[in-house]
Amino acid sequence: MKGTYLGEFEELVLLAVGILFDDAYGLSVVDQLEKQTRRPIMISSVHKALVRLEDKGFLKSKMGGATQTRGGRDKRLYTLTHAGVGALRQSRELRNDMWRQVPGIVLDGSV
Numbered sequence: 000m001k002g003t004y005l006g007e008f009e010e011l012v013l014l015a016v017g018i019l020f021d022d023a024y025g026l027s028v029v030d031q032l033e034k035q036t037r038r039p040i041m042i043s044s045v046h047k048a049l050v051r052l053e054d055k056g057f058l059k060s061k062m063g064g065a066t067q068t069r070g071g072r073d074k075r076l077y078t079l080t081h082a083g084v085g086a087l088r089q090s091r092e093l094r095n096d097m098w099r100q101v102p103g104i105v106l107d108g109s110v
């Protein structure tokens with residue numbers, strides 16, 4: 000398992016895989032990210048992130064069956080591992096802790 004640092008894009012990819020649950024593959028992750036972020040996402044960036052996250056032990060993959068919509072090609076399906084869920088929880092806790100430390104005056108726009 001490689002380093003466990005989780006970048007912002009990797010976190011978004013992990014969240015998308017979690018949302019998609021048992022139907023997470025490259026293109027479905029792209030679609031989910033574009034829907035959630037309202038910005039264009041390159042499929043190559045998602046594929047690279049999926050490979051990195053699997054190398055880190057945060058995702059596991061298996062080959063799914065061929066479908067008519069994919070021209071008979073198999074697709075690689077991704078699922079979160081226990082380590083991936085832990086990384087997401089840790090990331091959420093860190094962000095929540097930091098948000099709680101921002102003074103209200105900053106968030107109210109009074110600064």
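According to numbering that gives the first Met the number 0, the residues represented by the sequence shown are 0 to 110, in order.
We put the CB at the ideal spot given by N, CA and C, even for glycine.
Asked	Found
Which listed residue (26, 11, 14) has its alpha carbon closest to that of residue 76	26
Integer Cβ distance of residue 90 from residue 5, believed to fall under 8 Å	6 Å
Cβ neighbour criterion (16 or more within 10 Å) applied to residue 9	buried
Supposed close pair residue 52, residue 12 - CB separation, criterion 8 Å	6 Å
Reduced DSSP secondary structure (H/G/I, E/B, other) of residue 75	strand
Cα-Cα separation between residue 83 and residue 23, rounded to whole angstroms	14 Å
Spatial distance of residue 85 from residue 56 (CA atoms)	11 Å
Of the listed residues 21, 40, 3, 36, nearest to residue 29 (C-alpha basis)	40
Reference residue 44; option with closest CA among 63, 62, 7, 88	7
Whole-angstrom distance between residue 42 and residue 99, CA atom to CA atom	35 Å
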